[in-house]
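Accompanying notes for the structure given below.
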Amino acid sequence: MAIFRQPFRKQVPNRYNASVWQKFHILSRAQVFVLAGLCAVVIALAVALASIPTDGTSWNRFLGFSRQFDPFVNFGSAFLTVLPLLLGYYHLARLGVLVGLAVSAVMFWATQISAFFVLAIQLVGRSVMLQEVAYVVVWLLLMMTVLWVHMKASNSRAIQNAQRSLHLVPQLKYHS
Numbered sequence: 474m475a476i477f478r479q480p481f482r483k484q485v486p487n488r489y490n491a492s493v494w495q496k497f498h499i500l501s502r503a504q505v506f507v508l509a510g511l512c513a514v515v516i517a518l519a520v521a522l523a524s525i526p527t528d529g530t531s532w533n534r535f536l537g538f539s540r541q542f543d544p545f546v547n548f549g550s551a552f553l554t555v556l557p558l559l560l561g562y563y564h565l566a567r568l569g570v571l572v573g574l575a576v577s578a579v580m581f582w583a584t585q586i587s588a589f590f591v592l593a594i595q596l597v598g599r600s601v602m603l604q605e606v607a608y609v610v611v612w613l614l615l616m617m618t619v620l621w622v623h624m625k626a627s628n629s630r631a632i633q634n635a636q637r638s639l640h641l642v643p644q645l646k647y648h649s
């Protein structure tokens with residue numbers, strides 16, 4: 474029983490987060506976006522490869538587009554779903570992931586709806602190449618929207634104040 478009676482040490486909350494984030498918050502906004510994009514590509518590529526139908530069935534076989542587009546659409550959806558989560562974690566740690574979940578849901582919905590209109594309804598025509606180019610353009614526009622929001626959030630005073638209150642960046646000390 475004497476083993477369990479060690480002196481109680483008061484632990485400072487968020488000390489680990491503060492030390493980690495202060496040391497590793499060294500990337501620029503563009504570098505963070507590229508790094509988060511590369512990580513999202515790895516995850517999205519795994520989802521796309523897993524969605525290749527081997528037995529002739531498709532994830533979207535009811536009221537959807539042809540199964541040949543499954544890996545293409547699932548890559549775009551997975552990429553734009555994971556990217557806001559990674560960027561949200563960069564800006565606000567765990568709180569940013571919670572906010573990123575809502576943005577990820579919107580991005581997933583937007584990519585699936587755009588794929589439905591472009592590939593299933595054939596809004597841009599019957600040419601497969603034209604459909605793929607149109608989907609990539611919509612996908613790039615959504616990605617540029619995420620980039621724009623990331624750049625605005627990097628400079629936002631509200632985000633910087635939230636980072637300070639969460640001890641993710643060093644506190645400002647005012648000298649009188």
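Every position in the sequence shown, counted from 1, becomes a number in our numbering once 473 is added.
Note that CB positions come from ideal geometry on N, CA and C, so glycine has one too.
Original post:
For the alpha helix (DSSP H) that R599 lies in, which residues bound it at each end?
Top reply: No alpha helix (DSSP H) contains R599, which DSSP labels as neither H nor E.
**OP:** May I have the straight-line CA-CA distance separating L568 from A513, to the nearest angstrom?
**Re:** Near 19 Å, if we compare the C-alpha coordinates of A513 and L568.
Original post:
Looking only at its own chain, which residues have a Cβ that is under 6 Å from the Cβ of V650, when we skip the five neighbours before and after it?
Top reply: Since the first and last residues shown for the chain are 474 and 649, residue 650 lies out of range.
Original post:
Grouping DSSP H, G and I as helix and E and B as strand, with all else coil, what is V642?
Top reply: V642 falls in the coil class under three-state DSSP.
**OP:** Identify which residue in A503, V579 and L596 has its Cα closest to the Cα of V555.
**Re:** For V555, the nearest C-alpha among the options comes from V579.
Original post:
Which of helix, strand or coil does DSSP assign to P526?
Top reply: Residue state, collapsed to three classes: coil.
Subject >> Per-residue burial, L500 [other beta carbons within 10 Å of its own, 16 or more giving buried] >> reply: Counting the other Cβ atoms within 10 Å of the Cβ of L500 gives fewer than 16, which makes it exposed.
**OP:** Taking the CB atoms as reference points, tell me whether I525 and D543 lie closer together than 8 Å.
**Re:** Yes, these two residues count as a Cβ contact at 8 Å.
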